[in-house]
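Read through the structure below, which is laid out as structure tokens, and then see the notes.
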Amino acid sequence: MDDLLSEFLTETNENIGIVDASLVVLEQDPSDESHIDSIFRLVHTIKGTCGFLGLPRLEAVAHAGENVLGKIRDKELTVTTDVVTLILEAMDAIKDILATIEETEEEPAGNDADLISRLNDVAFGEIATEAALAPEQDEIPAGMVSEAELEAAFQAAEGPDDDFKEADLRPGEVSLEELEAAFQAAEGPDDMVAPPAVTQEKSPPEEKNNAVEKTSKESSIANQSIRVNVQMLENLMTMVSELVLTRNQLLQMVRGMDDNEFTVPLQRLSHVTTELQEGLMKTRMQPIGNAWSKLPRIVRDLSHDLGKKIDLVMHGAETELDRQVLELIKDPLTHMVRNSADHGLEVTEDRLAVGKPETGKIILEAYHEGGHIIIKITDDGRGLNSEKIKKKVIDSGLATEAELNGMSKQQIHNFIMRAGFSTAEKITNVSGRGVGMDVVRSNIEKIGGTIALTSEEGEGSTFTIKIPLTLAIVSALIVECCGERFAIPQTSVVELVRASTNGSSDHTIEMINASPVLRLRDHLLPLVHLSEIMRLETAADEVADRSDVKGSEEFIIVIQVASFLFGIVVDRVFDTEEIVVKPIAPILKNLSIFSGNTILGDGSVIMILDPNGIAAMSGDAVVTSESSVNEETSQAQVQDEKVALLVFRAGGKDPKAVPLSLVARLEEIDVGTIEVANGKRVVQYRGQLMPLTTIDDNIEIKEEGRQAVLVFSDQDRSMGLVVDEIVDIVEDHLDVEMISERDGYVGSAVIRGKATDIVDVGYCLNKCFGSWVGDSQTRPFGHSNEKQKVLLVDDSPFFRNMLVPLLKTAGYDVSTAENGIDALKKRESGETFDIIISDIEMPEMDGFRFAEEVKGDDRWNGTPIVALSSHTTPGDFDRGRAVGFSDYVAKFDRDSLMSALSQTLRESGSAR
Amino acid sequence: MTTRNIQDYVTVLIADQLFGIPVLEVHDVLRGLRLTKIPLAPAEVAGVLNLRGRIVTAIDVRERLGLPQRKDKENGMSIVVEHQGEPYSLMIDDVGEVLSLDLNELLPTPVTLNSCWKEVSGGVYRLENKLLVVMQIEQLLNFADNSTIAA
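Going line by line, the protein sequences match chains A and B.
Using my numbering, read the first sequence as starting at 1 and increasing by one per residue.
Using my numbering, read the second sequence as starting at 1001 and increasing by one per residue.
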């Protein structure tokens, strides 16, 4: 079953359980507002998720339920038994549908119109007062009400034939299907009494509810994973730490003695303890990508629903996060991305109207920074409208106008994170009920994090979530200085250098006016002595000859903080250890050089250094050099452009690769499903026929089993490239060193130290559909018999090689230039083009200067330029637009490039 | 006089002065644990130690009270208390018996005491041959605000 779906089932079953319980409490004490809030949020979540998963029936029921709950929350409706019963009924309907989904993976057909209309009556109808509602409820327990329910219940049971049979079944006489299901659920056959109960015609609603609840509780999906309270893991962790300490003490005791009967068992104990510790640690750490895995799909569906083009970019998915933290930020993140897509980004027309690229961007980033995990969500949408927020704040009475006038823009923006606040003008299916940002904020604050928001109207918004690392486990380098040990987080350590104080090794610490520095390759590395920062230098040290006390060598730990490199001089370097970061006592909080402390394997407590704090403490020198280093590294980054490549094998042992960005999906298809149509091999894929091709004609498709396929998609058509094996995804520099003569290959490059053939996707596409790129969206603008002339300026031969066939197949006449100067030579020689595509990062003359050159001269003045770059920060966009680029396209986004081309040509065409 | 006003104190000895700590606040009594010093920390913080997997901040009570350092640092004892969910180990000279004292007999702190003593003291009991100063843990640990801001 789809991971997403199974997770949804587990989660929703859990949520409904909570809603059930909370509703009962609410019924007893209608004045308790905390319950209605949490119920409302849970139902809201259920509804939202259903929408994304394409479960309209569930969504409709949840939506109607939410309406009623919303009225209760807004105090327009009082909590009565009838209202609660009705909502519970809606929950039961949801449970029934869920049960069917779990069995069939599809939403049962059926209609909840009756239930929904009654819910809506309560929510909106003036007639549906308590008096009118009460008799309806009392009298029709087995009438209309249960009919709708029963239908769902029938669906939830086996096939239609079984309906009546099952009612008679005894525990011993269950049908084969049921038995199978029962075995899979790892439950005894006794449990199967539940389904008959569901289908019993005359059973009163309460009993039925119980039965339904029972089935959902036994649901196999929910049982596949166990949710363990993190507090329990925490306790276990503490106990294991204790165990480790005890073990170490024992080891210490035995070490003194020669062979004795304890040695072997103790060794075993030692092993088991280590494994236990590691295992437990592992249970807690997960890459943040896990919390993101749902997002691409959600964004995809959203972009579909909202009619917006949305590009979701994710960086740092591998950043490890404590499980508890991860769980807690998952929902807020989803909320925020949803918000960005719904409220943040404008619809396509609006975007085009203000000169933004058609495709809106949402960028998710995660990284570690100085004992914190930073998660950024950036969109390039409309930003926050301060005036609108002000108005809403005044309307909802959160602040007075006078108060608002005294507030900064930032403060005003922060109102969006208050409860009950939504600036969306209409309540959409997606968001806008005011249960967004306040939930996000409270969830993040719960784990001691902060959330900050910066927004420029018209430019977009950035949310920065900062979560302390307090629960996280980090790998740390243990060092010693003046007899004290410290831990330095491995993430900020770049390298270790051994330096002598007397010139006996390659590296020597030199002094510039008492400031130590080190020549490190082509850098001059500023150094700080840990002992001096810590003021650990004792009087004895100063008296004694330094080299005598400290030995003839010192160790330099090269640290990188943001883009600033410096070295910390320590006396000794021990090992690296995985440590559990524990927060330091509140009275020590203002010591910025420590990010926490931890207990080492030997039981001693050790302080964890915060490289940020040390950098800050090491004074002015650091600050002044920072900017220059900054430039240097960013320069280096430009040179080090890396490309994500999918490495695979097909026909022979040699690795082959395609740029990952061109691959839509990786699939494994059952060879049995391959059919032949029109002389070509095809498979049915997502309701369509997808042609399969191989790179070489002599590659055989397997006889049986499963076959790995790379799927390339363009709009609604897909093509599958059959490969033997998908090897890996690597990020590497791509230099096509040998241009290939063979069809189907761009050339060869060295990837991960191996010669690798780069596959020409364009060729494969052509092989499948001659007119792959020939559809309305991407068709070049202009007369059919007159090809549009494109000049492609890019320094990377790979991209030229990749793009040229692509552009050619799309019907453009393509010329290339290696850099701006090369391109301008073409201008001198009198060539003209309809459009120029230019890279930004190029040697000699970069894209910005090139654009200025082009725009500053009459000959090519009217030619539109599209920027092509892997750097797509908002700043780049602005700069690009300022120097005259018509559009700005991310380097690997073929679709955007194609549509940007035809769009730009169309615009410039109509302008002429 | 009612029996309800009885309060139990763990008595501790610091520089020959008897102090009382309400018995319910005392989590542990320790002897001779290995301390990890914290550079740059306020002088009152002697270091941190590992108490059964928890990291406990050790407070040098003598320093806090402006008393001279002990000569034989090795033989000291510690009392572990909790403040705002964080454990602290108070370094003291010795631990005495537990006394049950009547709150009605608690006398206010003499105004002439040194300011840091006045802060910490929650009153004085007149025992038969000695005076017992009630130690207010919260006040004792409150040095972070005043001292480190100044530093």
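Glycine residues also receive a C-beta, built at the ideal position from the N, C-alpha and C atoms.
Taking S595(A) as reference, the option from V570(A), I695(A), S492(A), E107(A) with the minimal CA-CA separation is S492(A). For the region 349-380 of chain A, the full-length beta strand (DSSP E) segments reaching 3 residues or more read 359-369, 372-379 along the chain.
A distance of 9 Å or more separates the beta carbons of P864(A) and S829(A). For K680(A), the closest C-alpha among the options M690(A), R519(A), R686(A) is that of M690(A). Membership of G279(A) in any beta strand (DSSP E) is not indicated; the residue belongs instead to the alpha helix (DSSP H) covering 263-284. For A585(A), the nearest CB of chain B lies under 9 Å from its own CB, placing it at the interface with that chain. Secondary structure at M842(A): coil, using DSSP grouped into helix, strand and coil. Put simply, the region 316-329 of chain A does not touch the region 345-363 of chain A. Fewer than three CB pairs are less than 8 Å apart. From the beta-carbon of L1141(B), the residues of chain A found nearer than 8 Å are I587. Within the same chain, and ignoring the five residues on either side of E1097(B) in sequence, the residues whose Cβ sits closer than 8 Å to its Cβ are T1011.
With the rule of 3 Cβ pairs closer than 8 Å, the region 272-289 of chain A counts as touching the region 237-256 of chain A.
DSSP places F594(A) in the strand class (E or B) of the three-state scheme. The region 454-470 of chain A makes contact with the region 368-378 of chain A; the number of CB pairs closer than 8 Å reaches 3 or more.
Look at the region 1031-1049 of chain B: the residues with a C-beta under 9 Å from a C-beta of chain A are R1034, L1035, T1036, K1037, I1038, P1039, L1040, A1041, P1042, E1044, V1045, G1047, V1048, L1049. Around Q1084(B), the beta-carbon contacts reaching into chain A at under 9 Å are P586.
Chain-ordered, the chain B residues with CB closer than 8 Å to the CB of R535(A) read P1039, L1040.
For T238(A), the closest Cβ of chain B is nearer than 9 Å.
The closest CA to that of T1036(B), considering only D1028(B), G1122(B), L1113(B), S1089(B), is found on S1089(B). Comparing C-alpha distances from H315(A) to each of T693(A), I288(A), V337(A) shows the shortest one belongs to I288(A). Every alpha helix (DSSP H) of 4 residues or more that sits fully in the region 301-355 of chain A is shown, in chain order, as 323-339, 348-353.
At a C-beta separation below 7 Å, R1052(B) has these neighbours in chain A: E242. Taking every protein chain shown into account, the CB of I1055(B) has 16 or more other CB atoms within 10 angstroms, so this residue is buried. Under a 10 Å Cβ-count criterion, H335(A) is classified as buried, with 16 or more other Cβ atoms of the shown protein chains found around its own Cβ.
When secondary structure is reduced to three states using DSSP, Q231(A) falls in the helix class.
When DSSP states are grouped into helix, strand and coil, Q560(A) belongs to the strand group. DSSP places P655(A) in the strand class (E or B) of the three-state scheme. N290(A) and L5(A) have their C-alpha atoms some 15 Å from each other. Proximity of I1055(B) to chain A, defined by a Cβ-Cβ separation below 9 Å, is satisfied.
Residue state for V581(A) is assigned as coil, using DSSP reduced to three classes. Under DSSP, the beta-bridge partners assigned to Q788(A) are Y812(A). Taking a beta-carbon distance threshold of 9 Å, N414(A) does not count as an interface residue toward chain B.
Taking E480(A) as reference, the option from A657(A), V570(A), S117(A), S899(A) with the minimal CA-CA separation is V570(A).
Under the criterion of beta carbons closer than 8 Å, L1132(B) and V1120(B) do not qualify as touching, at roughly 13 Å. As a beta-bridge residue in DSSP terms, F486(A) pairs with V479(A), M607(A).
Among the residues facing chain A, Y1125(B) is not included, as its CB has no counterpart in that chain under 9 Å away. Under the DSSP assignment, R649(A) falls in the beta strand (DSSP E) whose first and last residues are 643-649.
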